[in-house]
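What follows is a short report on a single structure.
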Amino acid sequence: MKICRRETFNAAHRLFKQEWDDAKNLEVFGKCSYPNYHGHNYALEVWVEGEIDPNTGFVVDLKTLKHIILEEIVERFDHKNLNLDCPEFKDLNPTAENIAVVIWNILRKRIDDKFKIEVQLSETEKNKVSFAGL
Ligand code: NI
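Numbered according to our numbering, the sequence shown spans residues 79 to 212.
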């Protein structure tokens, strides 16, 4: 059984590699490489897979999952500049892929190992990435 909680946060970023010049960054990262940063409305889905607890009828209590996501992820990233404010991205390009891996690693420490977790992250209405561990 899989359950999901969706939360949203807004954050700014810039995708670029220091070792590349502006033209190469623009070619690879497009508008996301503009030097003055820009925002995205991120939509995060956290999927938890496991057995239904016969006592509660839940896999995990979605209220508990919501609080973990708010505490660990939304508080940390909402209205932040990911490149400048968040040490997680000091040396890591804040692509949707890398953000999803960072989020997965944070949540993995907070959710019992008996559950599989998958993080899905949308940066726009049209793009979505998914990470469920290696
Ligand atoms: Ni962007």
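Backbone N, C-alpha and C define an ideal beta-carbon position, used for all residues, glycine too.
Rounded to whole angstroms, ARG186 and PRO132 show a C-alpha spacing of 24 angstroms.
For HIS157, no beta strand (DSSP E) encloses it, and the DSSP letter there is neither H nor E.
Look at the beta carbons and you see the region 191 to 211 touching the region 116 to 125: at least three pairs across the two are nearer than 8 angstroms.
When the beta-carbon positions are compared, PHE155 and ALA210 stay at least 8 angstroms from each other.
Residue environment for PRO172: buried (at least 16 other C-beta atoms within 10 angstroms of its C-beta).
When only Cα atoms are considered, VAL179 and GLY117 end up about 19 angstroms apart. In the structure shown, LEU93 adopts coil according to DSSP, grouped into three states. Setting aside the 5 residues that flank it on each side, PHE167 is surrounded in the same chain by LEU160 and ASN161, each with a C-beta closer than 7 angstroms to its C-beta; the list follows chain order. Secondary structure of GLY117 (DSSP, three-state): strand. Three or more Cβ pairs drawn from the region 184 to 201 and the region 141 to 151 lie within less than 8 angstroms of each other, which places the two stretches in contact. Counting C-beta atoms within 10 angstroms of its own C-beta, HIS157 has fewer than 16 neighbours from the protein chains shown and is therefore classed as exposed. Within the same chain, no residue comes within 8 angstroms of GLN96 by CB-CB distance, once the 5 residues on both sides are set aside.
Taking the CA atoms as reference points, GLY128 sits about 7 angstroms from LYS80. Residue state for ARG186 is assigned as helix, using DSSP reduced to three classes.
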